[in-house]
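To keep things clear, I will list the structure first and then write my remarks on it.
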Amino acid sequence: MLRWSRLGLSLGLAFLLTSCDDLFQYNPNEETLLDRDKDLTAKNIAKISRLPVSDTTRFILMGDTQRWYDECEDFVRSANQQKSISFVLHAGDISDFGLTQEFKWVNEIMTRLKYPYVTVIGNHDIVANGSATYRKMFGPLNYSFGFGRDRFIFVNTNSREYAFDGSVPDIAWLKAQLADNPAHQNTIVVGHVPPFDADFDKNLEKPYTEALANDPTVKFTLYGHQHRFYEGQFYDDGVNYHLTTSMGARGYMVVSTWKGGYSVERVNF
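According to the UniProt record's numbering, the sequence shown holds residues 1 to 269 in order.
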């Protein structure tokens with residue numbers, strides 16, 4: 001399948017070139033990017049800021065593209081048929097092995113969307129030199145922006161990749177972002193690994209979930225990682241957790257928000 005031929009090309013090229021030391025060397029983790037492929041988060045947020053605002057905001061949550069390039073192309077075709085979508089949120093695991101070429105391939109596909117897209121970093125995106133590539137290609141691992149009545153906070157929740165050292169997620173940063181909301185916009189926190197997952201630092205689970213629950217503007221929060229649709233109020237604290245499935249499972253979610261409410265629609269393609 002296409003996803004394997006692309007991966008095979010990348011790894012085969014790496015083997016061929018690294019075996020020819022007398023000629024030149026190639027590192028599959030190198031971060032060489034064209035200007036058009038740099039700082040995509042800031043560029044796409046700028047596009048979002050210029051969009052018209054209505055009483056209801058509709059956006060797509062998808063994620064875990066990894067090696068599923070063919071399925072990701074099918075996702076783009078399906079997403080482009082949706083009505084009144086403002087932007088797309090990628091819930092992480094853009095890549096599988098953290099290779100720069102993987103990020104490039106997915107971005108090439110995602111640029112065929114009719115909408116801007118923004119991302120949160122996934123655990124696979126941190127493998128090898130992936131986090132450095134992510135910073136160059138997209139931007140900060142933690143960031144936020146506002147649109148209409150909503151404020152989106154993207155936070156790195158991939159604790160295992162940091163050996164559960166207490167630094168990820170950055171609870172102090174998250175609390176500061178939650179507090180910086182003078183207009184009392186609806187706050188939507190987006191991560192890759194949900195707090196009830198084994199890859200989330202158990203010592204930070206309670207501080208994280210309490211930070212969300214103690215903010216009255218947080219009604220729901222969004223994740224990927226588990227490759228399934230899953231939702232619930234897991235901490236009995238008024239905050240709903242929603243997970244979208246992977247591109248391999250051929251699904252995504254359409255989220256609609258309005259003053260005082262929201263809805264989530266599961267889409268299979």
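We put the beta carbon where it would ideally sit given N, CA and C, even for glycine. Computed from a predicted model, the values in this text were never measured in an experiment.
Worksheet entry | Opening and closing residue of the beta strand (DSSP E) in which V76 lies | One-based indexing of the sequence shown puts residue 76 at position 76. Segment 69–79 is the alpha helix (DSSP H) holding V76; no beta strand (DSSP E) there.
Practice prompt. Specify the secondary structure class of Y117 as computed by DSSP and reduced to three states.
Written response: Here the question's residue 117 lines up with position 117 in the sequence shown. The three-state secondary structure of Y117, taken from DSSP, is strand.
Practice prompt. Indicate whether V118 and N186 have their beta-carbon atoms separated by less than 8 Å.
Written response: As a first step, residue 118 must be located in the sequence shown, where it is residue number 118. As a first step, residue 186 must be located in the sequence shown, where it is residue number 186. No.
Discussion item. Under DSSP, the beta strand (DSSP E) around M253 begins and ends at which residues?
Written reply: On the sequence shown, residue 253 is found 253 positions in, with the first residue counted as 1. Where M253 is concerned, the enclosing beta strand (DSSP E) stretches over 251–258.
Practice prompt. State the Cα-Cα distance for the pair I115 and R58, rounded to the nearest angstrom.
Written response: Working through the sequence shown from its first residue, we reach residue 115 at position 115. Working through the sequence shown from its first residue, we reach residue 58 at position 58. Residue identity check: residue 115 is Tyr in the sequence provided, not Ile. A straight line joining the alpha-carbon of Y115 with that of R58 spans about 11 Å.
Discussion item. Please report the distance separating the alpha-carbon of F220 from that of S144.
Written reply: As a working note, residue 220 is residue 220 in the sequence shown. As a working note, residue 144 is residue 144 in the sequence shown. Each residue's alpha carbon lies about 16 Å from the other.
Worksheet entry | Whole-angstrom distance between V127 and G92, CA atom to CA atom | Residue 92 sits at position 92 when you count from the first residue of the sequence shown. Residue 127 sits at position 127 when you count from the first residue of the sequence shown. For G92 and V127, the distance between alpha carbons rounds to 13 Å.
Worksheet item: Sorted by chain position, which residues of the same chain lie with C-beta nearer than 8 Å to S159's C-beta, five sequence neighbours on each side aside?
Response: Here residue 159 refers to the residue found at position 159 when the sequence shown is read from its first residue. Only V168, P169, V193, D199, F200, D201, L204 meet the Cβ criterion.
Fill in: Close-in-space but distant-in-sequence residues of the same chain around Y262 (CB under 8 Å, 5 per side omitted)
Taking the first residue of the sequence shown as position 1, residue 262 is located at position 262. Closer than 8 Å at the Cβ level, and outside the excluded window around Y262, lie N186, K219, F220, V255, S256.
Worksheet item: Looking at the structure shown, is R266 part of a helix, part of a strand, or coil, going by DSSP?
Response: Counting from 1 along the sequence shown, the entry for residue 266 is found at position 266. Note: R266 maps to strand in three-state DSSP.
Practice prompt. Go to R50, then tell me how far its alpha helix (DSSP H) extends in each direction, as first and last residue.
Written response: Taking the first residue of the sequence shown as 1, we reach residue 50 at position 50. Secondary structure note for R50: it is in no alpha helix (DSSP H), with a DSSP letter that is neither H nor E.
Worksheet item: At what residue ranges does the stretch 192–231 contain a whole run of the beta strand (DSSP E), taking only runs of 3 or more?
Response: Those beta strand (DSSP E) runs which fall completely within the stretch 192–231 and span 3+ residues are 218–223.
Item to complete: Give me the Cα-Cα distance between G260 and G148, rounded to the nearest whole angstrom.
Response: Residue numbering aside, residue 260 sits at position 260 when the sequence shown is read from its first letter. Residue numbering aside, residue 148 sits at position 148 when the sequence shown is read from its first letter. Taking the straight line joining both Cα atoms gives about 13 Å.
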